[in-house]
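In the working numbering, the protein residues as written are 67 to 256.
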C-alpha cells in the first residue's frame, strides 16, 4: 500500500489530504470549517496556489501548486522564517496550520490529544489526466459519502468559488482554463 509521502518540489502540483484520528470528527460545526479555512489562508494560501479543496467532517483534500523556490525563499525572508528547502518549508507551513487548528479545536471542545493523523498525505500530480479527474473527485467527495446530491450543494468545497466572480484564495483562472471554460468545468463534474 502506498504511503503517499511525495516530497514537495517547486513548480509541481500536489493532491494533499489528511484525516482525523480514528473515528473523530475534524469539523463539528460551521465555525470549525470556517476557522480551518482561516488557518489555511494564513499558513498555506500565502505560499502556494490553491486549485481546489473540500473539507469533509473527518478529512480534507486540497489540490495545490508549489511555486518556484525563489518565490518561497523571498516569502520566508520577508516573514523572517527559516528556509532550508521547498519540501521542509511547505511541510512546516502545513504542520503549523494543523497544530494551530488542532489547538483551537481541542480548547473549544475541552479535548486533549492528537486530532489529525500524524503525517500529511501528498501525491504529486504528474499527469494531465490525473489533474483533470482530481478536481471532480475532490468536489464530489460529499456526494459520494451521501451528504449532498450535487457538489454545488456542499458549502465547504471550492466548487462554487471556482464558478463565482467573488474574490477568492483560489487560482480559479487556471482551473477554468484547464477545462476550457465554465461549461467544461461543470461537465467534468457530472
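Beta carbons are placed, not taken as given, at the ideal position from N, Cα and C, and that holds for glycine. Just so we're clear, the structure is a prediction, and the values are computed from it rather than from any experiment.
Task: Chain-order list of residues whose beta-carbon lies under 6 Å from that of residue 73 (same chain, five-residue window excluded) - done: Same-chain partners within the cutoff: 153.
Open item on the list: Run through the DSSP bridge pairs and tell me what residue 115 is partnered with.
Closed with: Per DSSP, the beta-bridge partners of residue 115 are 131.
Task: Contact between the stretch 200-217 and the stretch 87-101 (3+ Cβ pairs under 8 Å) - done: With the cut-off at 8 Å, the stretch 200-217 and the stretch 87-101 do not touch.
Open item on the list: Using 8 Å as the threshold, is the C-beta distance between residue 75 and residue 130 below it?
Closed with: In this structure, the beta-carbon distance from residue 75 to residue 130 does not fall below 8 Å.
Open item on the list: Count Cβ pairs between the stretch 139-146 and the stretch 79-93 that sit closer than 8 Å; are there 3 or more?
Closed with: No contact exists between the stretch 139-146 and the stretch 79-93.
Open item on the list: In whole angstroms, give me the CA-to-CA distance for residue 249 and residue 220.
Closed with: Rounded to the nearest angstrom, the two C-alpha atoms are 19 Å apart.
- [ ] Return the chain-ordered ranges of every alpha helix (DSSP H) run that is complete within the stretch 174-250 and spans a minimum of 4 residues.
- [x] With a minimum length of 4 residues, the continuous alpha helix (DSSP H) runs that stay inside the stretch 174-250 are 194-205, 207-210, 225-229, 238-245.
Task: Collapsed DSSP secondary structure at residue 124 in the structure displayed - done: Note: residue 124 maps to coil in three-state DSSP.
Task: Nearest candidate by alpha-carbon position, reference residue 182, set 107, 111, 78, 102 - done: In this structure, 102 is the residue among 107, 111, 78, 102 with its C-alpha nearest to the C-alpha of residue 182.
- [ ] Buried or exposed for residue 167, please, with buried defined as at least 16 other CB atoms from any protein chain shown within 10 angstroms of its CB.
- [x] So residue 167 counts as buried.
Task: Test item: CB-CB of residue 202 and residue 234 under 8 Å - done: Against a cut-off of 8 Å, the Cβ pair of residue 234 and residue 202 comes out as no contact.
Open item on the list: If the criterion is Cβ atoms closer than 8 Å, does the pair residue 117 and residue 83 meet it?
Closed with: In this structure, residue 83 does not lie closer than 8 Å to residue 117 by Cβ.
TODO: Would you grab the beta carbon distance between residue 228 and residue 120 for me? Rounded to a whole angstrom, and I think it's under 8 Å.
DONE: Rounded to whole angstroms, the Cβ separation of residue 228 and residue 120 is 12 Å, and the two are not in contact under 8 Å.
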